[in-house]
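Quick mapping for you: the protein sequence lines, in order, are chains A and B.
In terms of this note's numbering, the first sequence has 106 at position 106, counting the first letter as 1, and numbering is strictly consecutive.
One rule links them: number in this note's numbering = place in the second sequence (from 1) + 1000.
The beta-carbon is built from N, C-alpha and C at its ideal position, and this holds for glycine as well.
Please read these numbers as outputs of a predicted model, since none were measured by experiment.
For reference, the structure discussed in these notes is given below.
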Amino acid sequence: MLKRLRLDAMHERHRALTPSLAGSHREAAAVCLSRHHTPPTVVSLSDNGIEAPAEVAWDVPDAKILDAWANETDTTEWGACGCVIAGLEEARGLVAVRRAETGSGADYYVGAPGSGILDLEDCSRLEVSGVDGGDQREVSQRLLRKVRQLREGRSSLPAIAGVIGFAARFLVLQDVEDTP
Amino acid sequence: MTWDKHHSKSERLAIEAETALRAGQREAAERFYVEAAAAEAEALLQLPEEKMRTRGVTAVSSVALWYKGRNYAVAERQAHALLALPTFPTFAQEQLRDLLQLIWAAQSAAAAGFKFVPGDVLVSVKGGQIIHGGAPLDLIVRKVEGIQAVLFRTVEMLLNKAFRRHGPASADLQAMFRPWLFQAPAGSYQFAVRVQEPEQREIWEADRPKLDNVAATFFKVLRASAMDPEQELPKVVPDSQYRAAFLNLSRDLAPTGKAFERLEIRDAGSPADPIALFEVDSRKQLNAALRSIRPPKSDSPTDQKVELRGILRALHLDQDWLEVATYDDPPIHVKVEEAGDVLDDVVGPMVNRPVVLHATRHGKKYLFRDIELDE
């Protein structure tokens, strides 16, 4: 059976998302996808190198939604977040369980449904990135940079890097293990 | 009450703050952020020492929320108190130090009474001679000048000013929109640039929506220049004169590979991914885009294409010439004509610096075709 990225009612399955937040991710994802495709479309979902096709459907955004998401950078970031969380749910059954703030935004923490209630000790940080144009090669390069940043970077927590290329129809997930 | 209850409350309030911010309600957003910070500080108190990950994440979240709520004093105090704990996790220590730099910069600006237009630009220079937190002074000065030139051109374009062919940006524009340089958390070598708001803001009130877009437009211009200057840049910059100016300025930001290998532009609001990435190959793309928009010069069959390498020693664009001193011993001073179309903000920073000048030799005369910095 074809896999499916579920952008609808995400707040019902992901405890880190409120209805308004889930709605924002869904709207932004629809704007990003509509720049290049008509619904539904099939993306290639790659999880640690294993690829499978996955269908994604969305409502074509009206003028009001397009106006609300006129800032391309923000829209790509929000849309990518929704799609990557949906991809992780489909590929591994993991959900966004918590959000925590950083100086420049917020990180999502993901885990099995029901985790993250008492603490974050068994959760992974999700690092998301979106590429509006470009091909699969560009998406893969972005993933490599992301993984390198996570390995060199600020957190010794286990993390999952997720990148979606909206034009390329390519969503990649990769584990980044603990750094010493 | 448990960590769960307090952290959940903090999450809800932070989301409210973000929603308010997106709706342009900055004051309401700050109130929500401060309430969220207080809840997160409570959540931190509920955690035993052995829950290292959760403590680290919650601590950073709390300091970040005080910072976003502009309660800098509490943010700073809490960060210092946490860093003083001997058992505090290393990953969170690094993040708190980064946050402290942001807090200090914001505190100084607030104390001085300066306001900045939305959006901070982070510029990182990497590879080659660059070390962690250090870089050759002349290289960084050139890149700062280049960024400033792109910012002024962006403001002029947004305000529909007539295209400036010669001279610097007008004195009033320079005084009104001063780019500031800020220390940024050390990457390879990194600095932050913000544009100060006009002091007499009411004079510019009609242009406020445009001015609030300075950083966003700057990012779009540089992203299009770096990614696909031939296809994407015309969508962002329809005016061919402005487009040529941005292509020239972007090319001088890009590395040649000798002094450094990469220049990254990031939005400080989401610094994880570069918005624009200039690498050695970027120069080729930018050159191709420049060739495609320049009207071809009609050279005669006897003309010869030449490349002059040397130091740009003199120029008088109003009189249509510039002069390069070659690396010969003694140097040969070559006067190059037909240089009147070169833009001041492109060629100005090249004076007394190594350049590569492309010219056509027409009899005894050298006729200007293109010039770029040679790192």
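Asked	Found
On the DSSP bridge list, what partners appear for glutamine 174 of chain A?	A:Ala161
What are the complete alpha helix (DSSP H) segments, minimum 4 residues, inside the stretch 1208-1249 of chain B?	1208-1211, 1214-1227, 1233-1236
Nearest-angstrom Cα distance between glycine 1113 of chain B and asparagine 1248 of chain B?	36 Å
I need the DSSP call for phenylalanine 1152 of chain B, collapsed to helix, strand or coil.	helix
Using DSSP bridges, identify the partner residues of proline 53 of chain A.	A:Ser44
Thinking C-alpha only, which one of B:Arg1178, B:Arg1164, B:Ile1147 is nearest phenylalanine 1191 of chain B?	B:Ile1147
Would you mind telling me which residues of chain B sit closer than 8 Å to isoleucine 117 of chain A, beta carbon to beta carbon, in chain order?	Asp1004
When you compare the stretch 1274-1285 of chain B with the stretch 1247-1265 of chain B, are there three or more beta-carbon pairs, one atom per stretch, that lie closer than 8 Å?	yes
Name the DSSP beta bridge partners of histidine 1333 of chain B, please?	B:Ala1325
Just the Cα atoms here: how many angstroms apart are alanine 1039 of chain B and glycine 1056 of chain B?	16 Å
So glutamate 90 of chain A packs on lysine 3 of chain A, CB below 8 Å; how close in whole Å?	5 Å
Should leucine 173 of chain A go down as buried or exposed, given a rule of 16 or more other Cβ atoms within 10 Å for buried?	buried
By DSSP, does proline 1301 of chain B sit in helix, in strand, or in coil?	coil
Does DSSP classify glutamate 1197 of chain B as helix, strand or coil?	coil
Determine the direct distance from the alpha carbon of arginine 151 of chain A to that of threonine 179 of chain A, and round the result to whole angstroms.	Per-residue confidence for threonine 179 of chain A stands at a pLDDT of 46, beneath the threshold of 50, marking its modelled position as unreliable; the derived number appears in the next sentence. Their Cα atoms are separated by approximately 6 Å.
At a Cβ cut of 8 Å, what residues of the stretch 1091-1109 of chain B count as close to chain A, listed as they run along the chain?	Phe1091, Glu1094, Gln1095, Asp1098, Leu1099, Leu1102
What separation, rounded to the nearest whole angstrom, lies between the Cα atoms of leucine 1102 of chain B and alanine 1084 of chain B?	19 Å
CB alanine 30 of chain A to CB proline 61 of chain A, shorter than 8 Å?	yes
Taking all protein chains shown into account, decide if methionine 1350 of chain B is buried (16 or more other Cβ within 10 angstroms of its Cβ) or exposed.	buried
Going by CA-CA distance only, name the one from B:Glu1076, B:Thr1054, B:Tyr1067 that's closest to alanine 1391 of chain B.	This structure cannot settle anything about residue 1391 of chain B, because the visible part of chain B is limited to 1001 through 1375.
Name the DSSP bridge partner or partners of aspartate 1370 of chain B?	B:His1358
Pick from B:Ala1059, B:Lys1005, B:Val1063, B:Leu1044: whose alpha carbon is nearest that of tyrosine 1033 of chain B?	B:Val1063
Does glutamate 27 of chain A pass the burial test, meaning 16 or more other C-beta atoms within 10 Å, or should it be called exposed?	buried
Can you tell which of A:Gly133, A:Gly130, A:Arg169, A:Cys123 has its C-alpha closest to the C-alpha of valine 176 of chain A?	A:Cys123
Does tryptophan 1180 of chain B come out as helix, strand or coil in the three-state DSSP assignment?	strand
Quick test of your reading: valine 163 of chain A and serine 129 of chain A, contact by CB under 8 Å. State the CB separation rounded to the nearest angstrom.	5 Å
Compute the Euclidean distance between the alpha carbons of valine 1237 of chain B and valine 139 of chain A, then round it to the nearest angstrom.	26 Å
Hey, how far is the Cα of proline 1136 of chain B from the Cα of lysine 1051 of chain B?	43 Å
Determine the direct distance from the alpha carbon of leucine 1099 of chain B to that of leucine 1082 of chain B, and round the result to whole angstroms.	12 Å
How is the beta strand (DSSP E) around arginine 1262 of chain B delimited, first residue to last?	1262-1267
Would you check if the distance between the CB atom of aspartate 1004 of chain B and the CB atom of isoleucine 117 of chain A is smaller than 8 Å?	yes
So with CB distances below 9 Å, who are the chain B contacts of arginine 98 of chain A?	His1007, Ser1008, Glu1011, Val1057
Would you call asparagine 1071 of chain B buried or exposed, if buried means 16 or more other Cβ atoms sit within 10 Å of its Cβ?	buried
Please identify the residue among B:Arg1313, B:Leu1367, B:Pro1330, B:Lys1335 whose C-alpha is closest to the C-alpha of arginine 1353 of chain B.	B:Arg1313
In terms of alpha-carbon separation, which member of B:Val1336, B:Asp1374, B:Ala1359 lies closest to lysine 1258 of chain B?	B:Asp1374
Using a Cβ-Cβ cut-off of less than 9 Å, give me the residues of the stretch 24-40 of chain A that come near chain B, in sequence order.	Ser24
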